[in-house]
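> Below you will find the structure I want to go over with you.
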Amino acid sequence: MGNQVSMPAARAAPFAPNLTHKQRVTRLYRHALRTARDWEPDFDLFVKDAEKIQARFKKNKNLTIQEGQRLVEAGLRELISNRHPEPYIPPFAPGGTAYQRNVPCPPEDVNDLLPPPERRIR
């Protein structure tokens, strides 16, 4: 299933092979929260969605492994169907608007850092 999904590698983590059930559930939970954050620009609304997601996971924590694996697969399908077309990328993360930008300091700030002209080394 992992090779068929078109998404950045960082977002495809729940689909990685050779993971334990606990790792798959944890990654699914974290990616569900990230997807909810993509859809909610207001943090207060995101917190409400996060509480709903947490309640869904807590409700199913005492199931058998087989039932849990079935729910993880259903959750992955739901995660794919609910992906945001333009997910939020932090500005300084790879792909962000300020990634690897080295903006020069304003000249007035540089001059403030230099010693007075009479004490400068020539």
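Per full-length UniProt numbering, the sequence shown starts with residue 1, numbered consecutively. Ideal Cβ positions, reconstructed from N, Cα and C, are used throughout, including at glycine.
Would you please state the rounded distance, in angstroms, between the beta carbons of Ala74 and Ile53? I believe it to be under 8 angstroms.
No, Ala74 and Ile53 are not in contact; Cβ-Cβ is about 14 angstroms, not under 8 angstroms.
> Can you tell me where the alpha helix (DSSP H) holding Gly75 begins and where it ends?
Per DSSP, Gly75 belongs to the alpha helix (DSSP H) from Ile65 to Ser81.
> Pick out whichever of Asn102, Asn82, Asp109 and Ala98 has its Cα sitting closest to the Cα of Glu40.
It is Asn82.
> Counting along the chain, where does the alpha helix (DSSP H) carrying Ile89 start and finish?
Neither: Ile89 is in no alpha helix (DSSP H) and is coded neither H nor E.
> Find the nearest neighbour of Asp42 within the set Pro94, Tyr88, Leu113 and Arg120, judged by alpha-carbon distance.
Comparing Cα-Cα distances from Asp42 to each of Pro94, Tyr88, Leu113 and Arg120, the minimum goes to Tyr88.
> Count the other CB atoms, across all protein chains shown, that sit within 10 Å of the CB of Val25; report buried if there are 16 or more and exposed otherwise.
That one is buried.
> Confirm, please, whether the CB-CB distance from Phe46 to Arg37 is below 9 angstroms.
The answer is yes: Cβ separation under 9 angstroms.
> Extract the residue ranges of the beta strand (DSSP E) inside the UniProt region "Disordered" (87-122), only unbroken runs of 3 or more that lie entirely within it.
Runs of the beta strand (DSSP E) inside the UniProt region "Disordered" (87-122): none found.
> So, Leu76 versus Thr35, is the Cβ gap smaller than 9 angstroms?
The answer is no: Cβ separation not under 9 angstroms.
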